[in-house]
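Visitor:
Here it is as structure tokens:
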């Protein structure tokens with residue numbers, strides 16, 4: 012009797028099958044890696060968008076409550092204007108790498124039943140420090156020695172940020188200033204524009220309307 016002929020795969024067929032399997036596995040791993048990277052990028056973009064929206068909301072709420080009330084420093088000297096923009100921060104605790112965007116006094120700081128020994132006015136600064144946008148608020152309106160500030164980092168990763176200030180209309184066009192106050196201006200500006208710059212991103216410019224603000228509080 013003749014031995015039954017055995018059936019199986021030849022070595023070339025095994026090698027071809029392994030090659031096809033390796034190609035499919037490599038493609039699957041690459042697609043999975045792309046999916047993970049895309050998810051991480053979307054999550055990072057979503058977190059940055061949330062941080063930006065929060066910062067914009069806080070700035071908008073603060074500027075909507077601006078009052079014309081100059082503050083005093085720790086030596087009792089009255090600040091020249093109630094609203095400062097793109098100038099040296101007022102006070103003695105400014106670090107070299109810190110850039111003041113805007114500083115002002117706002118109303119509406121809630122003090123239920125007047126329990127805290129303070130008014131409803133609050134001094135606010137927005138500064139750029141180490142690539143981070145920081146909102147700084149004083150516990151008490153006027154500066155005094157060894158007073159503490161409340162700082163909140165709104166978002167990070169900025170290359171630069173700058174503010175402009177609406178003076179009014181001149182010859183049918185809006186006139187903006189790079190610093191505030193400008194000569195002859197005692198009140199806050201009519202509007203504020205803040206531009207945020209990130210690497211490899213289009214600069215993002217936001218506008219905040221203040222309008223006419225009355226006399227000192």
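Residue numbers (the numbering used here): 12 to 228. Built from N, CA and C at the ideal position, the CB exists for glycine as well. Source: prediction; values computed, not measured.
(1) Please name the residue, chosen from 153, 115, 159, 187, that lies closest to residue 86 on a Cα-to-Cα basis.
(2) Grouping DSSP H, G and I as helix and E and B as strand, with all else coil, what is residue 171?
(3) Within a Cβ cutoff of 7 Å, which residues of the same chain sit near residue 9, ignoring the five residues on either side of it in sequence?
(4) Could you give the distance in angstroms between the alpha-carbon of residue 21 and the alpha-carbon of residue 61?
(5) If I'm right that residue 149 touches residue 160 with Cβ under 8 Å, what's the distance once you round it to whole angstroms?
(6) Does the distance from the C-beta atom of residue 66 to that of residue 165 stay below 8 Å?
(7) Quickly, what does DSSP pair residue 166 with across the bridge? List them, please.
(8) In terms of alpha-carbon separation, which member of 115, 24, 31, 201 lies closest to residue 138?
(9) Just to confirm my understanding: we take residue 131, look at its own chain, exclude 5 residues before and 5 after, and list those with CB closer than 7 Å. What are they?
(10) Of all the options 79, 140, 200, which has the alpha carbon lying nearest to the alpha carbon of residue 167?
(11) Here's a check: name, in chain order, each residue in its chain whose Cβ is nearer than 6 Å to the Cβ of residue 210, leaving out the five neighbours to either side.
(12) With burial defined as no fewer than 16 other Cβ atoms inside 10 Å of the residue's Cβ, what is the status of residue 70: buried or exposed?
(13) Contact check, residue 94 vs residue 214 under 8 Å by CB: the rounded distance?
(14) In this structure, how does DSSP classify residue 63 when only helix, strand and coil are distinguished?
Guide: Once the coordinates are examined:
(1) Residue 86 sits at position 75 when you count from the first residue of the chain shown. The shortest Cα separation from residue 86 among 153, 115, 159, 187 belongs to 153.
(2) Looking up residue 171 in the chain shown gives position 160. Strand.
(3) Since the first residue of the chain shown is 12 and the last is 228, residue 9 is not available in this structure.
(4) Numbered from its first residue, the chain shown carries residue 21 at position 10. Numbered from its first residue, the chain shown carries residue 61 at position 50. Taking the straight line from one Cα to the other gives about 60 Å.
(5) The residue labelled residue 149 in the question sits at position 138 within the chain shown. The residue labelled residue 160 in the question sits at position 149 within the chain shown. Between residue 160 and residue 149 the Cβ distance is about 6 Å, and since that is below 8 Å, they are a contact.
(6) Taking the first residue of the chain shown as position 1, residue 66 is located at position 55. Taking the first residue of the chain shown as position 1, residue 165 is located at position 154. Yes, they are a contact pair.
(7) Within the chain shown, the letter at position 155 stands for residue 166. According to DSSP, residue 166 bridges with 144.
(8) Counting from 1 along the chain shown, the entry for residue 138 is found at position 127. Of the candidates 115, 24, 31, 201, the one whose C-alpha sits nearest the C-alpha of residue 138 is 115.
(9) If you number the chain shown from 1, residue 131 lands on position 120. So the qualifying residues of the chain are 118, 119, 120, 122.
(10) In the chain shown, residue 167 corresponds to position 156, counting from 1. Looking at the Cα atoms, 140 is the closest of the given residues.
(11) In the chain shown, the residue the question calls residue 210 occupies position 199. Closer than 6 Å at the Cβ level, and outside the excluded window around residue 210, lie 170.
(12) Walking along the chain shown from the start, residue 70 turns up at place 59. By the neighbour-count rule (16 or more Cβ atoms within 10 Å), residue 70 is buried.
(13) Your numbering for residue 94 matches position 83 in the chain shown. Your numbering for residue 214 matches position 203 in the chain shown. About 24 Å separates the two Cβ atoms, so there is no contact after all.
(14) Within the chain shown, residue 63 is the residue found at index 52, counting from 1. If DSSP states are grouped into helix, strand and coil, residue 63 belongs with the helices.
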